[in-house]
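J.: The structure follows.
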Amino acid sequence: MAQYLMSKDFGIAGLNLPHVSEEDKLRRVLSSALKSRLGNQIEFSNNSKNPYWNAAHFGLDKVKLFQDSRVEQQAEILRLCGENLLEEAYFVEKSGVGYMAKMVLLAETTEERMLYALFSSDEVTHLAQISQFLPEKEPIGTDNAFLRFLADLVETDDKTVLLFVLQVMLEGWGLSHYRNLAKGCLNPELSSIFEQFLQAESQHHAAGYTLFNQRQVTKESRATIVETLALFLQMVQVGPQSVVAAIEAVLGHLSRSQKIGLFEELDAETHSGTRLNLLRSLMRGEKAGTIVQELEERGAFQPFPAQKCV
Ligand SMILES: [Fe+2]
Ligand SMILES: [Fe+2]
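Under this note's numbering, think of the first position of the sequence shown as 87, with each following residue one higher.
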């Protein structure tokens, strides 16, 4: 019982799940199990001091403050922006392992159970592959708002909500996010890892879409889906907050008007508009129709202008 309560504390997403010690024999068993799935792909050496994505990837090539800063400051901003992307991917994959395991237990057919167990293993390989490139090898805990949102979401017991928000929307979103990370990545090994994620992520999305469409969506589930997605879409509406935060972390305090200028130069409104359109396009099918409509009415697909991003 005590054990049960303890593991419960870490939640399904496991953002704070601890690691075993360096000498723990479990590491050897894990690494041989991973090797049988991934071959030598988990042995990349990661000594590169070069950033994984360039300034243009973050839209920083259009930002005056960035252009005017010293070369070391520019490098530091790019490093922080890249680290944010990697750490976010790491925790998303970690949450994915727990989420898929939860869905194994919630499965209503043998095939569904088989599929989710395979998916959980996909997320484990993704987690192991991303780990190679992290600045801090085994991070625990995060204050990233999206990850906290994700961790709350996976705790819900409403399977319809999980299928739609997590698998149809977030996995679908992840697919285009990873495609984008692969395309812009300067490190060929990391780029090919993101590329390899695509097939699995598209299966995760497709399974969610199929299972969601086989379900009766109750009024309560629909209301929760709309509330949850409104929260998620707002994180997209507010533009590239983490890029602005990275600039501020390196260059020091920025005034409100400087921040507005930054969001303008980053073309936040267009940037968010494109992402919001993509998210809307994931909500296809008859059952999603009323969800889209309710979100439209709330203006949830409208990107914020620069003044509102600050
Ligand atoms: Fe994944
Ligand atoms: Fe996934």
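C-beta: ideal position from N, C-alpha, C; glycine also.
Decide yes or no for the touch test of the segment 266-286 against the segment 209-219: beta carbon pairs closer than 8 Å, at least 3 of them.
T.: yes
J.: What do you get for residue 221, buried or exposed, if any count of 16 or more other CB atoms within 10 angstroms of its CB means buried?
T.: In the sequence shown, counting from the first residue as 1, residue 221 sits at position 135. Exposed, because fewer than 16 other Cβ atoms sit within 10 Å of the Cβ of residue 221.
J.: Whole angstroms are fine: how far does the CA of residue 298 sit from the CA of residue 196?
T.: By 1-based counting over the sequence shown, the position of residue 196 is 110. By 1-based counting over the sequence shown, the position of residue 298 is 212. Taking the straight line from one Cα to the other gives about 17 Å.
J.: Alpha helix (DSSP H) containing residue 154: first to last residue?
T.: Taking the sequence shown and counting its residues from 1, one reaches residue 154 at position 68. From DSSP, the alpha helix (DSSP H) with residue 154 extends over 150-154.
J.: Rounded to the nearest angstrom, what separates residue 242 and residue 150 at their Cα positions?
T.: Residue mapping note: residue 242 aligns to position 156 of the sequence shown, counting from 1. Residue mapping note: residue 150 aligns to position 64 of the sequence shown, counting from 1. Whole-angstrom Cα-Cα distance: 44 Å.
J.: Buried or exposed: where does residue 294 fall if 16 or more other Cβ atoms within 10 Å of its Cβ makes it buried?
T.: One-based indexing of the sequence shown puts residue 294 at position 208. Result: buried.
J.: Pairs of beta-carbons, one from the segment 326-339 and one from the segment 162-175, closer than 8 Å: are there three or more?
T.: Enough Cβ pairs lie closer than 8 Å, so yes.
J.: Under the assumption that residue 101 contacts residue 304 (Cβ atoms under 8 Å), give the Cβ distance between them as a whole number of angstroms.
T.: Locating residue 101 in the sequence shown gives position 15, counting from the first residue. Locating residue 304 in the sequence shown gives position 218, counting from the first residue. For a cut-off of 8 Å, the C-beta gap from residue 101 to residue 304 is around 30 Å, too long to register as a contact.
J.: Name the residue from 126, 152, 328 whose alpha carbon lies nearest to the alpha carbon of residue 174.
T.: As a first step, residue 174 is located in the sequence shown; it is residue number 88 there, counting from the start. If we check each option's Cα against that of residue 174, 328 comes out closest.
J.: Quick check: the Cα distance between residue 193 and residue 324, rounded to an integer number of angstroms?
T.: Sequence index remark: in the sequence shown, residue 193 carries index 107 (1-based). Sequence index remark: in the sequence shown, residue 324 carries index 238 (1-based). C-alpha separation (whole angstroms): 36 Å.
J.: Between residue 237 and residue 230, what straight-line distance do the alpha-carbon atoms span, to the nearest angstrom?
T.: In the sequence shown, residue 237 corresponds to position 151, counting from 1. In the sequence shown, residue 230 corresponds to position 144, counting from 1. Approximately 11 Å, taken between the alpha carbons.
J.: Measuring only the C-alpha atoms, how far is residue 107 from residue 224?
T.: As a working mapping, residue 107 is identified with position 21 in the sequence shown. As a working mapping, residue 224 is identified with position 138 in the sequence shown. If you take the alpha carbons of residue 107 and residue 224, they lie about 11 Å apart.
J.: Note down the Cα distance separating residue 290 from residue 379, rounded to an integer number of angstroms.
T.: Here residue 290 is taken as the residue at index 204 of the sequence shown, counted from 1. Here residue 379 is taken as the residue at index 293 of the sequence shown, counted from 1. Roughly 25 Å separates the two Cα atoms.
J.: Counting only beta-carbon separations shorter than 9 Å, does residue 284 have a partner in chain D?
T.: In the structure shown, chain D does not exist; there is a single protein chain.
J.: Do residue 252 and residue 185 come within 9 Å of each other at the CB atom, strictly closer than that value?
T.: Against the sequence shown, residue 185 aligns to sequence position 99. Against the sequence shown, residue 252 aligns to sequence position 166. Against a cut-off of 9 Å, the Cβ pair of residue 252 and residue 185 comes out as a contact.
J.: Using 10 angstroms around the beta-carbon of residue 389, count the other beta-carbons present and answer buried if the total reaches 16, otherwise exposed.
T.: Along the sequence shown, one-based indexing puts residue 389 at 303. With 16 or more Cβ atoms within 10 Å of its Cβ, residue 389 is classed as buried.
J.: Going by the DSSP bridge assignment, what does residue 139 pair with across the sheet?
T.: On the sequence shown, residue 139 is found 53 positions in, with the first residue counted as 1. For residue 139, which the question treats as bridged, DSSP gives the partners 271.
J.: Near residue 287, what residues of its chain come up, given a Cβ to Cβ distance below 7 Å and the 5 sequence neighbours on each side ignored?
T.: Taking the sequence shown and counting its residues from 1, one reaches residue 287 at position 201. 257, 260, 261, 264.
J.: To the nearest angstrom, how far is it from the Cα of residue 310 to the Cα of residue 386?
T.: Against the sequence shown, residue 310 aligns to sequence position 224. Against the sequence shown, residue 386 aligns to sequence position 300. When the Cα atoms are used, residue 310 and residue 386 turn out to be separated by approximately 15 Å.
J.: For residue 215, which three-state DSSP category applies?
T.: For the purposes of this step, residue 215 is taken as residue 129 along the sequence shown, with counting starting at 1. In the structure shown, residue 215 sits in a helix (DSSP, three-state: H, G or I).
J.: For residue 157 and residue 183, which I take to be in contact (beta-carbon distance under 8 Å), what is that distance rounded to the nearest angstrom?
T.: In the sequence shown, counting from the first residue as 1, residue 157 sits at position 71. In the sequence shown, counting from the first residue as 1, residue 183 sits at position 97. Contact doesn't hold; Cβ gap of about 40 Å is too wide.
J.: Where does residue 93 fall in DSSP's three states?
T.: Looking up residue 93 in the sequence shown gives position 7. Note that residue 93 scores 49 on pLDDT, short of 50, meaning its location in the model is unreliable; the coordinates nonetheless yield the value given after this. The DSSP-derived three-state label of residue 93 is helix.
J.: Measuring alpha carbon to alpha carbon, tell me which of 319, 371, 394 ends up nearest residue 360.
T.: The count along the sequence shown starts at 1 and reaches residue 360 at position 274. The residue with the shortest Cα to Cα distance from residue 360 is 319.
J.: How long is the line joining the alpha carbons of residue 90 and residue 96, rounded to whole angstroms?
T.: Within the sequence shown, the letter at position 4 stands for residue 90. Within the sequence shown, the letter at position 10 stands for residue 96. Its pLDDT being 45, under 50, residue 90 is placed unreliably by the model, and the measurement read from it follows with that caveat. Their Cα atoms are separated by approximately 11 Å.
J.: Classify residue 115 as buried or exposed, calling it buried when 16 or more other Cβ atoms lie within 10 Å of its own Cβ.
T.: Taking the first residue of the sequence shown as position 1, residue 115 is located at position 29. In summary, residue 115 is exposed, with fewer than 16 beta-carbon neighbours lying within 10 Å of its beta-carbon over all protein chains present.
J.: Assign residue 187 to one of three DSSP states: helix, strand, or coil.
T.: Start at 1 with the first residue of the sequence shown, and residue 187 comes out as number 101. Here residue 187 sits in helix by DSSP.
J.: Judging by CA-CA distance, which residue of 353, 330, 344, 300 is the nearest neighbour of residue 374?
T.: Stepping through the sequence shown from its first residue, residue 374 is reached at position 288. Here the closest residue by C-alpha is 300.
J.: Alpha carbon to alpha carbon, how far is residue 392 from residue 232?
T.: In the sequence shown, the residue the question calls residue 392 occupies position 306. In the sequence shown, the residue the question calls residue 232 occupies position 146. Taking the straight line joining both Cα atoms gives about 20 Å.
J.: Using the beta carbon as the reference atom, which residues fall closer than 7 Å to any heavy atom of ligand 2, ordered along the chain?
T.: 182, 205, 208, 209, 257, 260, 286, 287, 290
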